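Going by the working numbering, the first residue of the sequence shown is number 824, and it counts up by one from there. Backbone N, C-alpha and C fix where the C-beta goes; we use that ideal spot for every residue, glycine too. Treat the numbers as computed from the prediction; the structure is a model and nothing was measured.
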Amino acid sequence: MATAANPARQAWPAERFFRASLSLLVLSSILTLASTDKLDGFTSLVAPLAALYKGYRWWHGLPAELSHRAATWCLVAYLGFFPVDAMFLSRFFLASSSSPPLFVVLLAVVHFLIFAMLIRFYSAASDRDALFLSMLAFAAILAAAILTVDTLFLTLFFFFLLSAVSTLIGMELRRGATGAVSPAPVRRETERHLNRALSLAALSVAVGAILLGGAFFFFFPRFN
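Okay, here's the thing in C-alpha cells:
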C-alpha cells in the first residue's frame, strides 16, 4: 500500500506489521458483529472467511483484487439491493424481535456496512483507503455494541482495540517515512525486531486502556 504521492513499490517501515494490524482490525470488527447472534448464518460465515482470505493475500504482498472504480460500482449496485434486504431478508431474520421496524432497518444497515467494508478492503491501495477502512471498522463496533449486551463483546472489543492501536502506530510510521529524505533500507532482522517492539507497545497501550477504563467504570459510580 502506498500514498498517492509515493510510488507503489516504496519500501515502508513495518509494512507487514501494518498490513496484519489492519487485516485484524477488519476481521475483529466483523467477528464482533457475528458474535451478536443477530446476523444470518450466511453473513456470519462468509464475511469472516472473506476477510481472512484477503488478509492472507495482503500479507503476502499481492495487489488489490478490485479497482476503485469497480468497488464504487459494487457499492452503488448494493444500494439497489438495500430495500430488498430491509423489506424481506432482514425482516425474516428478525421476525421475533420486540421492535421489528427499528431492528429490520438496523440489520439492513449492518449488512451494507459489512459489504462496504469488505469491498473497500479488497480495493485498498492507499493510506486513505486504510483510514477509511478503520472508520468503517469502528462503525461496525458501535453497531455491535447496540446489538448485544453479552460479555463476549468485551473480549472481542479488546482484540479490536489492540488491532486499532497497532494500525494507528503503523499509519504514523508510514506518515513519518513519507517525509523522510532518504529512508533507511529495510532489513529482515531489523524488521523483525521492529515488529516485536511495535507489538509490545500496542499491547501495552491496549491493556492500559482497558484497565484504566475498567477502573473508572467501577470508581466513579461510588460517588453517585
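At what residues does the alpha helix (DSSP H) containing residue i begin and finish?
i	result
E838	E838 to A857
A900	H891 to V907
D950	D950 to L970
F915	S913 to F916
By the 10 Å Cβ neighbour count, where 16 or more other Cβ atoms means buried, how is residue i classified, buried or exposed?
i	result
R1019	exposed
R842	buried
Y945	buried
R997	buried
L985	buried
S957	buried
V907	exposed
V1030	exposed
I969	exposed
Go ahead and pull the three-state DSSP assignment for residue i.
i	result
T1013	helix
P886	coil
L862	coil
S946	coil
T974	coil
A1038	helix
Are the beta-carbon atoms belonging to residue i and residue j less than 9 Å from one another?
i	j	result
A894	R943	yes
A1025	S989	yes
A966	L848	no
T971	D863	no
A960	F935	no
S913	A900	no
G993	L845	yes
A948	P886	yes
L941	A857	no
R880	E1014	no
A837	L1023	no
A909	V933	no
Just checking, does the segment 961–981 make contact with the segment 838–855 on the three C-beta pairs under 8 Å criterion? Counting Cβ pairs under 8 Å, three or more are found: they touch.
Counting Cβ pairs closer than 8 Å, one from the segment 967–976 and one from the segment 868–878, do we hit at least three? no
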